[in-house]
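In the numbering used here, the protein residues as written are 1 to 260.
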Ligand SMILES: Nc1ncnc2c1ncn2[C@@H]1O[C@H](COP(=O)(O)OP(=O)(O)O)[C@@H](O)[C@H]1O
Ligand SMILES: [Mg+2]
């Protein structure tokens, strides 16, 4: 709850299994960012409990909890704190007072992992938005965060940047078992995740496997989320008298949507 005492998040309960990729969806103002801030203790809940990895989030544990959670925000420029890529990835590690040798090796390791190994000496103005977001992700990974929250982390990127970061998120989740929460209003993006939670006015109006959830048209309507063209085509074909018997076509449209 913010100072103006308006209830932004209410009656909300969910669990995120380790190693999963969960999407939190919702229209502007539905409470997504507030939820992320609650999880890292930047906003205090009026009631209820939050457990991260069995630790209850309280004033006493907030620093321990923050060691487990990293957030990558929307604007790639606001979160670049280093003079160069190397310094930027090292920044969090220096704050954690990790020994110098260890910092050097982690910076190399995670810069390479996000495909920025050759850019260590570059300054932010020499990088694209997607590259800056990849550096932000490397910073979170280098701190060995158990969970990384992406709050609309691709919304300010050009299509190429969106693709870079999307592929990186998929790779981290599938190949490194990284627990990921992506906050988004992009249904196509959320379709790639394991589980989706749809918020409206601070409450959950639907949750489940994205492929099952996003075909619920009344839910989509209620959520006020923009339905991407591919998904809309799929739903239209399902209702079209002459096309709806064509199972191969329906299957093909669906597979195409997932692949994008
Ligand atoms: N710092 C703040 N102080 C007061 N109200 C806020 C603050 N930040 C967000 N809100 C309100 O909380 C609601 C949810 O906002 P937010 O969590 O940012 O939604 P989303 O990320 O889904 O767009 C909105 O009504 C917004 O006006
Ligand atoms: Mg937001």
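Idealized CB from N, CA, C, for every residue including glycine.
- One alpha carbon belongs to residue 249, the other to residue 25, and they sit about 28 Å apart.
- Shown here, residue 110 sits in a helix according to DSSP, grouped into three states.
- Counting along the chain, no alpha helix (DSSP H) covers residue 214, and no H or E run does either.
- For ligand 2, the residues with a Cβ under 7 Å from any of its heavy atoms are, in chain order, 32, 33, 151, 152 and 183.
- Secondary structure within the stretch 122 to 172: the beta strand (DSSP E) runs of 3 or more consecutive residues, fully enclosed, are 147 to 151 (chain order).
- Contact between residue 247 and residue 237 is ruled out by a C-beta separation of about 11 Å, above the 8 Å threshold.
- Taking one beta carbon from each stretch, the stretch 38 to 46 and the stretch 186 to 203 have fewer than 3 pairs nearer than 8 Å; the two do not touch.
- Taking 8 Å as the cut-off, the Cβ atoms of residue 229 and residue 214 do not count as close.
- The beta carbon of residue 86 is closer than 7 Å to those of 107, 120 and 121 in its chain, skipping five residues each way along the sequence.
- In the three-state DSSP reduction, residue 57 falls in the coil class, being neither helix nor strand.
- Assignment of beta-bridge partners to residue 24 by DSSP yields 183 and 197.
- Per the C-alpha coordinates, the member of 134, 140 and 177 positioned closest to residue 161 is 134.
- Here the C-alpha atom of residue 59 lies approximately 11 Å from the C-alpha atom of residue 66.
- Here the alpha carbon of residue 17 sits roughly 42 Å from the alpha carbon of residue 242.
- Under the DSSP assignment, residue 92 falls outside any beta strand (DSSP E), being part of the alpha helix (DSSP H) whose first and last residues are 85 to 95.
- Contact check for residue 91 against residue 82 passes: the beta carbons are separated by less than 8 Å.
- By a beta-carbon distance limit of 8 Å, residue 139 does not contact residue 171. Their separation comes to about 17 Å.
- For residue 30, the shortest separation between its Cβ and any heavy atom of ligand 1 lies below 7 Å.
- Ranked by Cα distance from residue 143, the first of 169, 183, 96 and 75 is 96.
- Taken through DSSP and simplified to helix, strand or coil, residue 50 comes out as coil.
- With a threshold of 16 other beta carbon atoms within 10 Å, residue 125 falls short and is exposed.
- Counting of Cβ neighbours within 10 angstroms places residue 56 among the exposed residues, the total staying below 16.
- At least one heavy atom of ligand 1 lies less than 7 Å from the C-beta of residue 8.
- DSSP places residue 251 in the helix class (H, G or I) of the three-state scheme.
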